[in-house]
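The structure appears right after this line, and notes come after that.
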Amino acid sequence: MAVRSNLVWLTLALSLFDPTCNAGPVRQREAVPDGFYAAPYYPTPYGGWEESWKQSYAKAQALVDKMTLAEKTNITGGSGIFMGNSGSAYRVGFPQLCLQDGALGVGNTDHNTAFPAGMTTGATFDKDLIYARAVAMGKEFRGKGAHVFLGPSVGPLGRKPLGGRNWEGFGSDPVLQGIAGALTIKGVQEQGVIATIKHFIGNEQEMYRMYNPFQPGYSSNIDDRTLHELYLWPFADGVHAGVGSVMTSYNAVNGSAASQNAYMTNNLLKDELGFQGFVLSDWLSHLSGVASALAGLDMSMPGDTQIPLFGGSPWKFHLTEAVLNGSVPVDRLNDMATRIVAAWYQFGQDKDFPAVNFHSYVSSEKGLLYPGAVPASPIGKVNWFVDVQADHASVARQVAQDAITLLKNDDDFLPLSTKTPLRVFGSDARVDPAGPNACGSRACNKGTLGMGWGSGVANYPYFDDPITAIKKRVEDVKLYDSDNFPLILSPSPTDDDVAIVFINSDAGENSFTVEGNHGDRDNDKLSAWHNGDKLVQKAAEKYKNVVVVVHTVGPLIVEPWIDLPSVKSVLFAHLPGQEAGESLTNVLFGDVSPSGHLPYSITKKEDDLPDSVSKLVKEIIGQPQDTYSEGLYIDYRWLNKQKIKPRYAFGHGLSYTTFNYTDAHIKLVNALSSALPPARQPKPSVPVLSTKIPPASEAYEPAGFTKVWRYIYSWLSKSDADKAYAVGISDKSGSKTYPYPAGYSTVQKPGVPAGGGQGGNPALFDTILELDVTVQNTGSTHKGKASVQAYVQFPAGSGYDTPIIQLRDFAKTKDLAAGESETVTLRLRRKDLSVWDTLKQNWVAPGAEGDNGKSKRYTVWVGEGSDKLFTRCFSDTLVCERGVEPPV
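Heads up: the sequence shown is residues -23 to -1, 1 to 865, going by mature numbering (1 follows the signal peptide of the UniProt record, and there is no 0).
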């Protein structure tokens, strides 16, 4: 038995009444601002029309046709929290599906790998490593029998630096998130495991995200263009990669809860993006029965009502009843079930898929089969302790190592000699003495920070901590195991001594509060935890040579110590997972050059970013409002527009060697002959799903069946089924009305102009420009990997307000020896050169050929960071120039 386990229901229920979880005084009532509206969009588009899914849909429709009504409604929901997985239809051969966290490895089990976090992976800027991590993770999920990997996370995008779950994603840029998310989906799904891209959409803060009986979750108010160009962008890339499922978020979007937001799910996701898989709710975020079904939700997880006490559910038996009485159309249920079964077929899970061999809530071999039914649950074997690690530690170590970002290295102080005496400060240098898994869901900050906390974690099989790895290299090492600088240093510092100071900053899910931080970093803000800034300052007073190592979920304000003369070098090691030690010492002692680059900007002050981004939404009476008033301008986009120089810009990262970017060439692969992409092809027809209400007998509870307490079933009693069926068939004229949402319709739409394929109009993914750039290691000593980043600058006078530069592609070289060169290729798609036009409701390329047959000029900037752009290439003349003044 295995299920997602991010929210312990008792913790959640109690948190609703816990003032510490509400983190602030009651403030004035607010409402969704004018101009933000979740428009109705009905009905849910059928799946199955996209070519690569047709065969799976044909199989799925044949299987669903054999299911009874109760079997169909059973597979659309979970069996209850702590109860197991999704529902099954074993009679026709469809099993329960195991849906499992976490974002960096198989959660709540054993003999698995705890990989580096998503943010760490994004910091590699290495597509091959991103993919390799995904392949390894996919193999481990499959090996444990988990059908569905609840990742990758591309929402939150990282709009708010204080956001608690930014670390699960890949960085504060839609293209970085989109490329990394798509590669993760590809690697996982190639192993036959269904990936789940999440959280759809606007979950950029942890506090107040969840609806409860007293207050709605906050509303993310996002305008149409910002939604398309930032927050929807990585989801489009994920759908284009063929992702099998999408998870909705807890919050509302433009006033409508994400789990029942018809505009977001029916229109944007299933119509415009052409999503073919199934949409599931985040755990306990499902709020309604009929409304959510009509709005496009396909699976309710874990199946319970919001406060899961007595086995109630918005769906399951209620969905059975709703179909019989006619309030949920039969074809909507058939589409739900078909989408779920089609994903199962699409990834070959109907053949030779391993059985689930672990239990998320029981660590012993035998235990309660249904912990949610205690004390009535039977006992049996629940864990087989299958080892799925293989050689994946090497992949994890490579990611952790290549993500390490050298921010400062005065006088080439690093790498260190193994003969140098080292004095190590800070509890972050060693593993938690109680063990790396001592805190459930990693909801504490003790020892080396390898991951944040919450549902996105995995258990450590072991922990390679920095101090152990350092002591393997250096004979003269002393650890001062405290976050307070010692009053007496023994021995006294010499000019040759080097102090390595370890500091960190943690965050996680709002289901836990850690040291006053309610998921988001609302207490410690962007300062190092445990008075880390003071620890660095004290070390810098006593030692002439200080190296700072930072393990962090995101950006920190480093101003209190960054310019101190003694602080020679600074390394951001992000969240390295189980391989924290050797990955770091390989860099510290020069076995490899650091090659990580920042996946976010580090500002000098928190308020260098706009209030809408730098501050968290506060509690109020009614629904908190999080309005994205900054529009397109987050992170480096905002800083560039306002001419604010960050301490370290997005994409920044130093090396022990130097690189020269030469011989840049740009070529036109496909001409932009029109501003709009070619008109989409008509949506292929799919078999018409039955709309006939099935007989009540398909919902009857089996005679003599003994139910497990709190387990959620889809059957009805004979009397309830007959009563619902009588209501449903009584309206032979079709005139009976239900309180359906405004704009409700049962007529399938032909498809929006911006759609036409998975991810949108297929032409959006056509390569328009291709750049070849030769990178040479111009150093004389060290090998090194170079990051090549391409940013687009839109044509002047385009009529659209666009950020000065925007990341559009990246590549990483192999490990180049001194003097060695490699040519990398960067590609820009039509979408990369387009903006979302809110009037045309389509992507427009403002640099396309005009009436005079001439194109407006795009400038593509190439370099190793958003603030280190060395070369520009022009889309019209196809000329590249070096040594020019960069745009920012």
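Beta carbons are placed, not taken as given, at the ideal position from N, Cα and C, and that holds for glycine.
Please state the DSSP three-state secondary structure of residue i.
| i | result |
| --- | --- |
| residue 608 | coil |
| residue 117 | helix |
| residue 742 | helix |
| residue 205 | helix |
| residue 369 | helix |
| residue 782 | coil |
| residue 375 | helix |
| residue 834 | coil |
| residue 799 | strand |
| residue 819 | strand |
| residue 494 | strand |
| residue 677 | strand |
| residue 407 | coil |
| residue 44 | coil |
| residue 603 | strand |
| residue 142 | coil |
| residue 224 | strand |
| residue 297 | helix |
| residue 313 | helix |
| residue 579 | strand |
| residue 615 | helix |
| residue 230 | strand |
May I ask you to list the residues that DSSP assigns as paired with residue i?
| i | result |
| --- | --- |
| residue 175 | 130 |
| residue 629 | DSSP output for residue 629 lists no bridge partner at all. |
| residue 454 | 399 |
| residue 642 | 749 |
| residue 813 | 820 |
| residue 477 | 401, 524 |
| residue 787 | 766 |
| residue 549 | 382, 527 |
| residue 686 | None, per the DSSP bridge assignment. |
| residue 636 | 754 |
| residue 54 | 277 |
Going by CA-CA distance only, name the one from the options that's closest to residue i.
| i | options | result |
| --- | --- | --- |
| residue 743 | 777, 810, 763 | 810 |
| residue 299 | 485, 705, 443 | 705 |
| residue 583 | 115, 139, 40, 64 | 139 |
| residue 172 | 202, 179, 152, 128 | 128 |
| residue 544 | 367, 227, 477 | 477 |
| residue 919 | 224, 384, 646, 143 | Residue numbering for the chain in the displayed model covers -23 to 865; residue 919 lies beyond these limits and cannot be assessed. |
| residue 273 | 290, 255, 593 | 255 |
| residue 483 | 126, 529, 391, 797 | 529 |
| residue 228 | 246, 222, 133 | 133 |
| residue 381 | 44, 547, 91 | 547 |
| residue 614 | 662, 169, 586, 637 | 586 |
| residue 732 | 93, 59, 253 | 253 |
| residue 702 | 673, 686, 719, 689 | 673 |
Measure how close the beta-carbons of residue i and residue j come, nearest whole angstrom, since I'm counting them as under 8 angstroms.
| i | j | result |
| --- | --- | --- |
| residue 281 | residue 261 | 7 angstroms |
| residue 166 | residue 131 | Between residue 131 and residue 166 the Cβ distance is about 15 angstroms, and since that is not below 8 angstroms, they are no contact. |
| residue 600 | residue 240 | Not quite, the Cβ-Cβ distance comes to about 17 angstroms (not below 8 angstroms), so this is no contact. |
| residue 741 | residue 820 | 6 angstroms |
Classify residue i as buried or exposed, calling it buried when 16 or more other Cβ atoms lie within 10 Å of its own Cβ.
| i | result |
| --- | --- |
| residue 842 | buried |
| residue 849 | buried |
| residue 609 | buried |
| residue 149 | buried |
| residue 362 | exposed |
| residue 287 | exposed |
| residue 724 | exposed |
| residue 518 | exposed |
| residue 778 | exposed |
| residue 682 | exposed |
| residue 654 | buried |
| residue 677 | buried |
| residue 323 | buried |
| residue 275 | buried |
| residue 34 | buried |
| residue 471 | exposed |
| residue 656 | exposed |
| residue 479 | buried |
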